[in-house]
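Student:
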Amino acid sequence: MTTSERQKPVFRFAPSPNGSLHLGHALSAFLNRDMAEALHGRLLLRIEDIDQARCTAEFEAGILRDLDWLEIDWESPVRRQSEHFPEYQAALHALIERGLVYPAFLTRGEVKARVAVYEAAGQSWPRDPDGTPHYPPIDRERPETEWREILSSGKKHAWRLDMRKALDLIGELLFWTEIGDGRTGEIAAEPGIWGDVILSRSDAPSSYHLSVVVDDALQGVTHVVRGLDLFHATSVHRLLQVLLGLPQPVYHHHRLILDADGRKLSKSEGDSGLAELRARGMSGTDIRRLVGL
Ligand code: GLU
Numbered sequence: 000m001t002t003s004e005r006q007k008p009v010f011r012f013a014p015s016p017n018g019s020l021h022l023g024h025a026l027s028a029f030l031n032r033d034m035a036e037a038l039h040g041r042l043l044l045r046i047e048d049i050d051q052a053r054c055t056a057e058f059e060a061g062i063l064r065d066l067d068w069l070e071i072d073w074e075s076p077v078r079r080q081s082e083h084f085p086e087y088q089a090a091l092h093a094l095i096e097r098g099l100v101y102p103a104f105l106t107r108g109e110v111k112a113r114v115a116v117y118e119a120a121g122q123s124w125p126r127d128p129d130g131t132p133h134y135p136p137i138d139r140e141r142p143e144t145e146w147r148e149i150l151s152s153g154k155k156h157a158w159r160l161d162m163r164k165a166l167d168l169i170g171e172l173l174f175w176t177e178i179g180d181g182r183t184g185e186i187a188a189e190p191g192i193w194g195d196v197i198l199s200r201s202d203a204p205s206s207y208h209l210s211v212v213v214d215d216a217l218q219g220v221t222h223v224v225r226g227l228d229l230f231h232a233t234s235v236h237r238l239l240q241v242l243l244g245l246p247q248p249v250y251h252h253h254r255l256i257l258d259a260d261g262r263k264l265s266k267s268e269g270d271s272g273l274a275e276l277r278a279r280g281m282s283g284t285d286i287r288r289l290v291g292l
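Numbering (numbering that gives the first Met the number 0), first residue to last: 0 to 292.
#1: Among 33, 46, 103, which residue has its Cα nearest to the Cα of residue 218?
#2: Pull up the DSSP beta-bridge partners for residue 224, would you.
#3: Kindly indicate which three-state DSSP category residue 124 falls into: helix, strand or coil?
#4: Kindly give me the distance between the Cβ atoms of residue 20 and residue 273, rounded to whole angstroms, as I take these residues to be in contact under 8 angstroms.
#5: Taking 6 angstroms as the limit, tell me which residues put their C-beta closer than that to any heavy atom of the ligand GLU, in chain order.
#6: In three-state DSSP terms, what is residue 41?
#7: Rounded to the nearest angstrom, how far is the Cβ of residue 29 from that of residue 290, given a contact under 8 angstroms?
#8: Can you name, in chain order, every residue of its own chain whose Cβ lies under 7 angstroms from the Cβ of residue 127, other than the five neighbours on each side?
#9: Relative to the alpha-carbon of residue 171, which residue among 198, 177, 163 has its alpha-carbon at the smallest distance?
#10: Tell whether a beta-carbon distance below 8 angstroms holds between residue 166 and residue 241.
#11: Beta carbon of residue 15, beta carbon of residue 253: below 8 angstroms?
#12: Could you check the C-alpha separation between residue 159 and residue 97 for me, to the nearest Å?
#13: When DSSP builds the beta bridges, which residues end up paired with residue 101?
#14: Does the structure place the region 230–241 close enough to the region 201–209 that three or more beta carbon pairs sit under 8 angstroms?
#15: Helix, strand or coil for residue 198 per DSSP?
#16: Excluding the 5 residues flanking residue 44 on each side, which residues of the same chain have their C-beta closer than 6 angstroms to its C-beta?
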């Protein structure tokens with residue numbers, strides 16, 4: 000790569016191959032491409048397939064077909080997250096060594112049951128912006144000698160960020176630069192509202208939050224253009240960037256395409272699926288119009 004290539008703005012479209020692309024993805028892909036072109040930048044494609052149980056080669060092939068049909072070009076090679084687990088593990092281990100991460104042994108069902116008992120007694124339990132209850136403090140308070148012993152017995156576990164410890168360590172407000180369709184300007188990050196987020200799952204050696212910040216940094220991404228549904232997740236991403244010493248991109252969170260009932264499109268909805276619209280004879284230009292570009 001030449002020096003002038005290296006200085007260009009870098010955009011990425013980062014779909015997960017756990018379903019087919021719909022109009023919301025088309026809007027994201029078009030915006031990434033349009034902004035990259037306007038700034039004479041580069042456009043990367045990243046396949047976010049850490050969830051090996053739900054992601055398939057067929058869905059990935061469908062994504063490439065849809066993007067070809069929309070006439071969106073990306074640089075090769077495509078980065079496939081499932082081929083980079085050691086890089087995410089290295090970042091995780093750096094945080095473990097600093098005592099900022101702990102192994103969490105409760106299953107999702109066990110957390111739900113504990114929260115239900117608490118709430119049945121009329122107590123409120125904190126929830127993250129997606130409505131998921133925060134992880135109970137039980138494992139965070141466990142001494143390291145004890146959790147090392149449990150780990151050596153082979154017990155299934157995830158790794159979670161000790162949010163309070165991380166925030167104490169940073170000791171200052173974090174901000175990100177937002178240029179999207181919602182609030183813009185310097186946005187104060189609020190990672191605490193997420194509780195002790197997962198950085199490595201019990202069924203995958205990473206998590207969405209960890210892989211996305213590691214990859215954006217490794218790929219030199221300067222502009223993250225994605226849906227407003229990920230606006231609040233950016234708080235966690237900013238915190239991880241600071242903890243891991245990674246550069247911060249500019250963020251553009253764009254409007255979402257909603258269905259007739261005002262709900263966010265899901266990957267299972269056939270009529271807004273790009274493959275279905277293509278089969279009905281629509282063109283990439285029709286899709287641009289449909290998503291309001
Ligand atoms: N893989 C995520 C998705 O398909 C997008 C992540 C991102 O753009 O940061 O929703």
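Note that the Cβ used here is the ideal one computed from N, Cα and C, for glycine as well.
Tutor: Looking at the coordinates:
#1: 46
#2: 251
#3: coil
#4: 5 angstroms
#5: 13, 14, 15, 47, 211, 225, 229
#6: strand
#7: 7 angstroms
#8: 133, 192, 193, 194
#9: 163
#10: no
#11: no
#12: 13 angstroms
#13: 159
#14: yes
#15: strand
#16: 12, 73, 77
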